[in-house]
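Reading through the structure tokens given below for one structure.
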Amino acid sequence: MMWKEFQSAKAPRNKHSEELSVKNCGLAELAHISGQLLSKLGNVEFLKTGKAACSPVVAFTQEIIRSPRQAGAICPSGTALSDAMAREAVAGDGLVVELGAGTGAVTKALLKRGIAPENIVAVEQSAHLANFLRNRFPRVKVVQEDASRLSELFYGKAIDSVVSSLPLVSLPPDMRESIMRQIRRLAAGKRLIQFTYFWGDSYLTESGFKLLHTKTVFKNFPPARVMTFEI
Ligand SMILES: C[S@@+](CC[C@H](N)C(=O)[O-])C[C@H]1O[C@@H](n2cnc3c(N)ncnc32)[C@H](O)[C@@H]1O
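So the sequence shown is numbered by the working numbering: it starts at 3 and just counts up by one.
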């Protein structure tokens, strides 16, 4: 989906995008039943917003059942972690690009920090979570796309910061390398903020991103590291 298209994109109402894909799971049947149950829960209106709404935890749990490898976590990022990431973002007239926005914990922290919703673009590959994000943040641009298509999405756009919750460790190495190459091309000299539950060396330092600092957030489940790089 190109820039102009996603600017005018509306939340898809396709029921099929809500279907579960648990065929490859050993416990497929159990997962299917749990998924159906959670799917029902997901349609409960917790808030009287007039829109179909569900809690971030339920939305994220549904996603784990659909696609555990891509979800890359066992629950949404906590407030302390999200705030720590948002604090590191540099914002000017350009865009703050959020990768793997999930249920929007970091999006919320970026807004709380005072970044204008029009300057935030949330990229999320899951149709289910992209819909959730659109309902939760109607003024933020939400792009349901794979982050490996960043160049097509952001060609010629000024980017101030890239804030990423992508599960880099569990992405296929080719895809990971491709995403990093594109980030380097699109936002050279700018900031990349990445959180990780992985305590080993970062792929990003090995790939030439300059580590500015790291912060460990113990007040998160599980504890996580926020790494700030110059691209
Ligand atoms: C750790 S979770 C996001 C946590 C998020 N901060 C939250 O609180 O919900 C990682 C997210 O990255 C998304 N993701 C994984 N691979 C992706 C890709 N190639 N392109 C875009 N999003 C991707 C997953 O769907 C998932 O929502």
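Heads up, the beta-carbon is just placed ideally off N, CA and C, and yes, glycines get one too.
Expressed to the nearest angstrom, what Euclidean distance is found between the alpha-carbon atoms of residue i and residue j?
i	j	result
G104	Q72	10 Å
V123	G106	11 Å
Y199	G158	33 Å
A61	L101	17 Å
M229	N121	22 Å
E31	I66	Because the pLDDT of E31 is 44, which lies under 50, any placement of that residue in the model is unreliable, and the question is left without a value.
K192	C56	35 Å
D162	P58	27 Å
D148	L213	25 Å
G37	L131	Note that G37 has pLDDT 48, beneath the 50 cutoff, so the model's placement of it is unreliable and no number is given.
K221	Q184	32 Å
Y243	S172	Residue 243 is absent from the model: the chain starts at 3 and stops at 233.
L168	F156	17 Å
Along the chain, where does the alpha helix (DSSP H) containing residue i start, and where does it finish?
i	result
I241	Past the edges of the chain, shown from 3 to 233, lies residue 241, and the structure says nothing about it.
D148	Neither: D148 is in no alpha helix (DSSP H) and is coded neither H nor E.
I185	175–188
A86	81–90
I66	58–68
L131	129–138
Could you check if residue i is buried or exposed, using at least 16 other CB atoms within 10 Å of its CB as the buried criterion?
i	result
T63	buried
E126	buried
D85	buried
G74	buried
F223	exposed
A2	Since the first and last residues shown for the chain are 3 and 233, residue 2 lies out of range.
Measuring only between beta-carbons, confirm whether residue i sits less than 8 Å from chain C.
i	result
K221	Among the chains in the structure shown there is no chain C, since it carries only a single protein chain.
Select from the options the residue whose C-alpha is nearest the C-alpha of residue i.
i	options	result
R178	I117, R151, R115	R151
S69	A82, S57, A129	A129
V98	E147, D176, L188	L188
G96	I117, L113, F139	I117
S79	Q196, V108, E232	V108
K217	T207, I195, F211, K110	I195
I233	R138, P140, A91	A91
Ends of the beta strand (DSSP E) at residue i?
i	result
D162	161–166
F231	226–232
K114	No beta strand (DSSP E) contains K114, which is instead part of the alpha helix (DSSP H) from 107–114.
E208	From DSSP, E208 is part of no beta strand (DSSP E) but of the alpha helix (DSSP H) over 205–208.
A124	122–125
L214	212–219
V98	97–101
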